[in-house]
Amino acid sequence: MKPVKLRRSFYNRPTLEVAPDLLGKVLVYHSDKGMLSARIVEVEAYIGQDDPACHAARGLTNRNKPMFGPPGFTYIYFVYGMYHCLNVVTESEGSPAAVLIRAAEPVDGLDVMLSNSFKKSNKNLLSGPGRLCRAFGLSREQNDLDLTRDAIYIENRNMKVTNIQRSARIGIKVGCELLWRFYDADSTEVSNSR
DNA sequence: TGAATGATGCGCT
DNA sequence: GCGCATCATTCAT
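Count the first sequence with the numbering used here and you get residues 2 to 195, in order.
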């Protein structure tokens, strides 16, 4: 079956529905070094002003602005002085929420990913949000792009996911009681928990 | 194989 | 200044 690019209506839904639905979908980025793609295997939901771990918890700022915008846009931010994290914005405009793409399995453009990451083996190439952005060459230049119009988007290639698990989100100190991390337990590329 | 730690820049208080 | 939706490296077991 032909790949189908996800439409805005896919993202314009409750984030806890969008997040698990993204597992098995394929992230595609037409970079200036070539086309890169990867099967998404781990995500986390960050939802609104009541989620203390969500960047939008303290209201609109210049950084978190994309989350407040319409669904189907990228939200890429810089963290820990050296890494970027890729999110896809969900829910309607004015309702700040997003899904963090934490890990994926390489599909197309493995050579470019390795080169971007300064790595020789594909071990842990995309297993973690910082690693994934590094391999894809994503930075704030790709922040707030339209996943329905720009060079980065997500496709449905009808890849099956048979073993979806959920857990607490990783790397946060608040909101740990919420089981808003979803992952494909059959994938070897899921990042290390705890 | 797991815990501790340093690297590193920027948004926000 | 502080803390961060991380990761590679180092050191201990």
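Note that beta-carbon positions come from the ideal geometry of N, C-alpha and C, so glycine has one too.
Spatial neighbours of serine 32 in its chain, beta-carbon cut-off 6 Å, leaving aside the 5 residues before and after: Counting from one through the first sequence, the residue named residue 32 turns up at place 31. Non-local C-beta neighbours of serine 32 in its own chain, meaning closer than 6 Å and more than five positions away in sequence, comprise Gly138, ordered along the chain.
Can you name the residues that DSSP bridges to aspartate 109? For the purposes of this step, residue 109 is taken as the residue at position 108 of the first sequence. According to DSSP, which records beta bridges pairwise, aspartate 109 is partnered with Ser38.
Top-ranked residue by Cα proximity to proline 4, from Ser96, Pro21, Lys26: For the purposes of this step, residue 4 is identified with residue 3 of the first sequence, where counting begins at 1. The shortest C-alpha to C-alpha distance from proline 4 to any of Ser96, Pro21, Lys26 is the one to Lys26.
The beta strand (DSSP E) spanning tyrosine 12 covers which residue range? As a first step, residue 12 must be located in the first sequence, where it is residue number 11. Taken as a continuous stretch (DSSP letters only), tyrosine 12 belongs to no beta strand (DSSP E), being part of the alpha helix (DSSP H) at 9-12.
Does leucine 17 come out as helix, strand or coil in the three-state DSSP assignment? Taking the first residue of the first sequence as 1, we reach residue 17 at position 16. Of the three classes helix, strand and coil, the one that applies to leucine 17 here is helix, per DSSP.
Range of the contiguous alpha helix (DSSP H) that encloses cysteine 134: To locate residue 134, count along the first sequence from 1; it is residue 133. Looking at the DSSP string, the run of the alpha helix (DSSP H) that includes cysteine 134 is 130-137.
At what residues does the alpha helix (DSSP H) containing phenylalanine 69 begin and finish? Position 68 of the first sequence, counted from the start, is the residue given in the question as residue 69. For phenylalanine 69, the enclosing alpha helix (DSSP H) begins and ends at 66-69.
Relative to the C-alpha of histidine 85, which residue among Glu45, Arg9, Glu142 is closest? Start at 1 with the first residue of the first sequence, and residue 85 comes out as number 84. Shortest Cα-Cα distance from histidine 85 to any of Glu45, Arg9, Glu142 involves Glu142.
Close Cβ partners of serine 118 (< 8 Å) along its chain, the five nearest in sequence each way excluded: Along the first sequence, one-based indexing puts residue 118 at 117. Around serine 118: Leu126, Arg132, Arg135, Ala136.
Aspartate 147 bridges to which residues according to DSSP? The residue labelled residue 147 in the question sits at position 146 within the first sequence. Looking at the DSSP assignment, aspartate 147 forms a beta bridge with Phe74.
Which residue or residues does DSSP assign as beta-bridge partners of arginine 182? Reading the first sequence from its first residue, position 181 is the one you call residue 182. For arginine 182, which the question treats as bridged, DSSP gives the partners Glu45, Ser168.
When the Cα atoms are used, what is the spatial distance from valine 175 to methionine 2? Against the first sequence, residue 175 aligns to sequence position 174. Against the first sequence, residue 2 aligns to sequence position 1. One C-alpha to the other measures close to 42 Å.
Taking Cβ to Cβ, would you say threonine 75 is nearer than 8 Å to aspartate 22? What you label residue 75 is simply residue 74 of the first sequence in a count that begins at 1. What you label residue 22 is simply residue 21 of the first sequence in a count that begins at 1. Contact: no.
Can you round the beta-carbon distance between glutamate 45 and valine 80 to whole angstroms, since I take them to be within the 8 Å contact cut? Mapped onto the first sequence, residue 45 falls at position 44. Mapped onto the first sequence, residue 80 falls at position 79. The beta-carbon separation of glutamate 45 and valine 80, rounded to 14 Å, does not stay under the 8 Å limit for a contact.
Rounded straight-line distance, which links the Cα of serine 93 to that of alanine 186: By one-based count along the first sequence, residue 186 stands at place 185. By one-based count along the first sequence, residue 93 stands at place 92. Between alanine 186 and serine 93, the C-alpha separation is close to 30 Å.
Secondary structure at alanine 54, three-state DSSP: helix, strand or coil? Mapped onto the first sequence, residue 54 falls at position 53. DSSP places alanine 54 outside both helix and strand once states are collapsed to three, so it counts as coil.
Look up arginine 195 in the DSSP assignment and say whether it is helix, strand or coil. The residue given as residue 195 occupies position 194 in the first sequence. Note that arginine 195 scores a pLDDT of 37, beneath 50, so its modelled location is shaky; the value from the coordinates is reported in the next line. Under the three-state reduction of DSSP, arginine 195 is assigned to coil, being neither helix nor strand.
Grab me the residues of alanine 58's own chain with a C-beta within less than 7 Å of its C-beta, minus the 5 sequence neighbours each way, in chain order. Residue 58 sits at position 57 when you count from the first residue of the first sequence. If you ignore the 5 residues before and after alanine 58, its C-beta comes within less than 7 Å of the C-beta of Gln50, Asp52, all in its own chain and listed in chain order.
By DSSP, does glutamate 156 sit in helix, in strand, or in coil? The sequence position of residue 156 within the first sequence is 155, counting from 1. In the three-state scheme derived from DSSP, where H, G and I count as helix and E and B as strand, glutamate 156 is classed as strand.
Among the residues of its own chain, which have a CB less than 7 Å from the CB of phenylalanine 183, if the five just before and after it don't count? Translated into the one-based positions of the first sequence, residue 183 becomes position 182. Counting only Cβ-Cβ distances below 7 Å, and skipping sequence neighbours, we find Ala20, Pro21, Leu24, Val44, Ile165, Arg167.
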